[in-house]
Amino acid sequence: MKINFLNFFKKENSLQRIYPRSLFKFLSEQKKSYPFFLSLEGNNIYAYSTRFMVKSTDVKKIEDIVKFFFRKEITQKKECLFFNGMVLHFFKFEDFHQIVIDIITNNNDLIKDLCNENLEPPAPHVVFPDGDFEALGSLQGEMELWWNVYWLPFWTSLSEEEKEKYLERNKISSELREFLILHS
5 MKINFLNFFK
15 KENSLQRIYP
25 RSLFKFLSEQ
35 KKSYPFFLSL
45 EGNNIYAYST
55 RFMVKSTDVK
65 KIEDIVKFFF
75 RKEITQKKEC
85 LFFNGMVLHF
95 FKFEDFHQIV
105 IDIITNNNDL
115 IKDLCNENLE
125 PPAPHVVFPD
135 GDFEALGSLQ
145 GEMELWWNVY
155 WLPFWTSLSE
165 EEKEKYLERN
175 KISSELREFL
185 ILHS
């Protein structure tokens with residue numbers, strides 16, 4: 005009896021079984037898109053993953069897109085849905101007192117629809133209502149975490165014109181504008 009010791013010690017996790025290579029389709033390059041989806045292929049999980057903060061008004065849009073592709077309504081904060089070989093792990097939670105959506109899926113059409121929805125995170129002054137942006141020099145602690153995980157993927161996906169429209173639409177103060185420019 006011959007045993008391949010490399011395979012013997014190689015562990016497979018449940019996500020690797022749920023997202024097999026046979027159902028994986030490469031997503032065409034998605035430059036400047038939000039939310040940003042990252043391929044998990046390097047971990048032998050043939051799906052894409054994202055985590056993004058959204059305005060409460062956008063949650064229904066996201067849930068409607070999920071319902072369209074998976075024929076099931078999101079009723080829990082944590083869901084795992086299957087439909088026609090496609091899989092979705094959906095997790096909704098709060099961070100910084102805001103709504104965060106965490107998704108893993110192999111459904112490229114769902115990903116494209118989410119990216120075309122023009123979703124936005126809450127403005128910085130909403131996330132940090134007591135933030136003194138004028139006094140902040142460098143990003144540290146919670147502000148740095150929020151910036152790197154939730155804000156920067158959104159902000160870098162925008163053109164200069166889109167950034168200006170976002171600032172106007174969200175009534176961003178001149179102090180906060182300077183802060184955003186300084187750290188961009």
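Per my numbering, the sequence shown starts with residue 5, numbered consecutively. For glycine and all other residues, C-beta sits at the position ideal for the given N, C-alpha and C.
When C-alpha distances from Phe-137 are compared across Val-70, Ser-37, Leu-184, the shortest belongs to Leu-184. At a Cβ-Cβ threshold of 8 Å, Phe-72 and Tyr-154 do not count as neighbours.
In this structure, the CA atom of Tyr-170 is about 11 Å from the CA atom of Leu-123. In the DSSP assignment, Arg-55 falls outside any alpha helix (DSSP H) and within the unbroken beta strand (DSSP E) covering 52-58.
DSSP, reduced to helix, strand and coil, places Glu-148 within a helical segment of the structure shown. According to DSSP, Thr-109 shares a beta bridge with Tyr-52, Leu-92. Boundaries of the beta strand (DSSP E) harbouring Phe-87: 82-87, taken from the DSSP string. Looking from the CA of Lys-81, the closest CA among Phe-87, Ile-107, Pro-128 belongs to Ile-107.
Where Glu-172 is concerned, the enclosing alpha helix (DSSP H) starts and stops at 164-173.
Approximately 5 Å separates the beta-carbon atoms of Gly-89 and Leu-27; this is inside 8 Å, confirming the contact. Ranking Glu-165, Tyr-38, Ala-51, His-101 by CA distance to the CA of Arg-25 puts Ala-51 first.
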